[in-house]
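**Q** Below you'll find the structure I mean.
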Amino acid sequence: DLLVVLSQHLGPSGLTRLALLSRSCSSAVRGPLLSSLWQAYCGDSVRRMTCAETEPMRRYLQVASLEITGTWLDIGVDVPSQEKYRFLTAMQEMQRKGLRRVFEA
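Quick note on numbering: the working numbering labels position 76 of the sequence shown as 136, and the sequence is numbered without any gaps.
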């Protein structure tokens, strides 16, 4: 199918732009024909994440738009030692390519 061949060259950002052209383009890009391609773009780690989105394209876009740059407070208890911990970490995104990101803490 022409759409499958074209989509392999467009990549996720090109497919997203194609989906904005019309409802029929959007349906084709989101549809079952390209579902396995979107799943491949997501990779194994994203497939294992708990996510409200069930459509592979929407799942990809949700994870791609995730922004975690900022200050994070992590509070908990280390189970083996029963020690309480509290960490404050500043995260800065240094590089992004698709869903892959590099951070500096």
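Virtual Cβ for every residue (Gly too), placed ideally from N, Cα, C.
1) With contact counted as at least three CB pairs below 8 Å, one residue from each stretch, are the region 137 to 152 and the region 86 to 102 in contact?
2) Using a Cβ-Cβ cutoff of less than 7 Å, which residues in the same chain neighbour residue 120 once the five nearest sequence positions on both sides are dropped?
3) Who pairs with residue 149 in a beta bridge, going by DSSP?
4) Which whole-angstrom value describes the C-beta separation of residue 67 and residue 75, a residue pair presumed to lie in contact below a C-beta threshold of 8 Å?
5) Go ahead and pull the three-state DSSP assignment for residue 137.
6) Buried or exposed: where does residue 116 fall if 16 or more other Cβ atoms within 10 Å of its Cβ makes it buried?
**A** So, from the listed chains and residues:
1) The region 86 to 102 and the region 137 to 152 do not touch, with fewer than three beta-carbon pairs separated by less than 8 Å.
2) In the sequence shown, the residue the question calls residue 120 occupies position 60. Cβ within range, chain order: 72, 98, 101 and 102.
3) Walking along the sequence shown from the start, residue 149 turns up at place 89. Bridge partners of residue 149 according to DSSP: 132.
4) Mapped onto the sequence shown, residue 67 falls at position 7. Mapped onto the sequence shown, residue 75 falls at position 15. Contact holds; Cβ gap of about 6 Å.
5) Within the sequence shown, residue 137 is the residue found at index 77, counting from 1. When secondary structure is reduced to three states using DSSP, residue 137 falls in the strand class.
6) Taking the first residue of the sequence shown as 1, we reach residue 116 at position 56. Buried.
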